[in-house]
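Residue numbers (the UniProt record's numbering): 1 to 480.
Where a beta carbon is used, it is the ideal one built from N, C-alpha and C, also for glycine.
Input: a single structure, listed below in structure tokens.
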């Protein structure tokens, strides 16, 4: 009878591809013959990887065996029932997950990476440890618990709290408790953080950034914005008949839309050379031919835009009644620095807005920008989807997109009413360049008024071309 050890290499390869990839490492330790065949077998490890995970971009160099070894280590941590093991490895887990998301299939519904992660986070222990370890889930100075259950507690270091908040922002809100009562819901504490005007200052440009002038994302702030917007979107959608008028909850599907380039379709007329550079993460032309092409005046601005700005975007803006905002911030003593204000369940107003924008200028990066990526300027119009009379939703829009030195995509928008700028927003694109999840951040008075108002906003792209009722004349008039 033929034994497994006597099979030819081709048959052995086929047999091993039916093994679960973590077991392949164990097989290599069973005997010298298997070790000699498995260890360093690039084709076998590549086939095993591609059976279970998405193929990385062609421009990346991959050590398939090492990559599967790292994922096996990640899987062992995620499948462990030992909470201490998970907490000790929070940094490694978050970094590994972010890497899997950044190399996932751009067609998110077909992504093996995302499916793998979604399955792992069906485990409530993983959600408790890795998604619920930011400051929102800590304890107040008087010892009272903030958001979450006793199993959900803040990590001991600021860096770990930021990492947990980042992963939560990438994951979304599908497991959030959205009741209005205190219970264990996070949204009253998230809302408190979002509307605490102490968090808007010159050190963070009033945006979702750390207070150090670096424009690095403050993931705990972004986490709170996402939770608050997710709560408001869920309530809004539930209030509509069969969800009419809404696009659904952008944060309701775990890890959806975080992969760079996951917005589809990309403009068909983007020339292949420019598209390749965008996908590789570098705008600078790597050969003279592409560089010359991008400098030709006949090439549309959209074809030179690596961020995919032009098109129709859906936007959500939330705000408190100003009397409520003022009372929350100024009618009681400020907490000590570093302490949050009391949680609030005050109902917010919500506006769903359609923005139609197009590129009108591309300039070189400035100080503080990444030097191999341009600054793209845009102009357009915004219209309320549900209240055509709303003066704060119907406006002209101008703005810019750039990549910071840290590699984050930063969006700035200005809302113009009757020729005068009124509101400004500072946002980052979750996941990176051209991600389907879109942009999230804050809006505020263009004069940076310390008395407000201010609040959360987000927007995501819905289509490249107009849907038949674009306000082209009005958009063009902005440039006139």
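| Item | Value |
| --- | --- |
| Would you say residue 199 and residue 348 are within 8 Å of each other, going by their C-beta atoms? | no |
| Taking the beta carbon of residue 208 as the centre, do at least 16 other beta carbons fall within 10 Å, making it buried, or is it exposed? | buried |
| Nearest-angstrom Cα distance between residue 452 and residue 318? | 14 Å |
| Enumerate, from N- to C-terminal direction, the unbroken alpha helix (DSSP H) stretches of 4 or more residues contained entirely within the stretch 182-229. | 187-195 |
| Could you tell me the distance, in whole angstroms, from the CA atom of residue 142 to the CA atom of residue 226? | 27 Å |
| On a CA-only basis, which of 196, 121, 113 is nearest residue 337? Give me that one, please. | 196 |
| Just curious, the beta strand (DSSP E) that residue 439 is in, first and last residue? | 439-445 |
| Could you tell me the distance, in whole angstroms, from the CA atom of residue 17 to the CA atom of residue 52? | 10 Å |
| With a threshold of 16 other CB atoms inside 10 Å of the CB of residue 277, please say whether the residue is buried or exposed. | Any reading at residue 277 must be qualified, since the residue scores a pLDDT of 42, below 50, and its modelled position is unreliable; the value itself is stated next. Looking at its Cβ environment, which holds 16 or more other Cβ atoms inside 10 Å, residue 277 is buried. |
| Where are the beta strand (DSSP E) runs, 3 residues long or more, that stay fully inside the stretch 388-434, in chain order? | 395-403, 409-417, 420-429 |
| Below 8 Å on the Cβ atoms is my contact criterion, and I expect residue 229 with residue 316 to pass it. Report the Cβ-Cβ distance as a whole number of Å. | 6 Å |
| When the cut-off is 8 Å and only beta carbons count, does residue 239 lie next to chain D? | No chain D is present in this structure, which holds just one protein chain. |
| Would you tell me roughly how many angstroms separate the C-alpha atoms of residue 304 and residue 442, rounded to the nearest one? | 28 Å |
| Which same chain residues, not among the five before or five after residue 292, have their C-beta less than 6 Å away from its C-beta? | For residue 292, the predicted model reports a pLDDT of 41, less than 50, meaning its position is unreliable and no value from the coordinates is stated. |
| Is residue 306 close to the ligand HEM? I mean its beta-carbon at under 7 Å from any heavy atom of the ligand. | The ligand HEM is not part of this structure, which contains no ligands at all. |
| Going by Cα to Cα distance, which pick from 386, 397, 384, 364 is closest to residue 378? | 397 |
| Going by C-alpha distance, which of 103, 447, 28, 129 is nearest residue 420? | 447 |
| DSSP three-state label for residue 352, please. | strand |
| Do you know offhand how far residue 152's Cα is from residue 222's? | 19 Å |
| Put residue 313 into one of helix, strand or coil per three-state DSSP. | strand |
| Return the first residue and the last residue of the alpha helix (DSSP H) that residue 79 is part of. | 64-79 |
| Using 8 Å as the threshold, is the C-beta distance between residue 313 and residue 206 below it? | no |
| Identify whether residue 462 lies in helix, strand or coil by the three-state DSSP scheme. | strand |
| Please list, in chain order, all residues of the same chain as residue 272 whose beta carbon is under 7 Å from its beta carbon, the five residues on each side excluded. | The predicted model places residue 272 with a pLDDT of 43, which falls under 50 and marks its position as unreliable, so this point remains unresolved. |
| Can the beta-carbon of residue 94 be found closer than 8 Å to that of residue 130? | yes |
| Give me the Cα-Cα distance between residue 253 and residue 331, rounded to the nearest whole angstrom. | 39 Å |
| For the candidate residues 364, 381, 380, whose alpha-carbon lies nearest to that of residue 374? | 364 |
| What three-state label does DSSP hand residue 357 in the structure shown? | strand |
| Is it true that the CB of residue 402 sits closer than 8 Å to the CB of residue 414? | no |
| Where residue 245 and residue 187 are concerned, what is the direct C-alpha to C-alpha distance, given to the nearest angstrom? | Because residue 245 sits at a pLDDT of 42, beneath the cut-off of 50, its placement in the model cannot be relied upon, and the following sentence gives the value as read from the coordinates. Answer to the nearest angstrom: the Cα atoms are 24 Å apart. |
| Measuring CB to CB, does residue 307 end up less than 8 Å from residue 107? | no |
| Are the CB atoms of residue 431 and residue 217 nearer to each other than 8 Å? | no |
| Specify whether the stretch 84-103 and the stretch 23-38 touch according to this definition: at least 3 beta carbon pairs, one from each stretch, less than 8 Å apart. | no |
| Check whether the Cβ atoms of residue 54 and residue 113 sit closer than 8 Å, and answer yes or no. | yes |
| Going along the chain, which residues of its own chain have a beta-carbon closer than 6 Å to the beta-carbon of residue 22, five neighbours each way excluded? | 72 |
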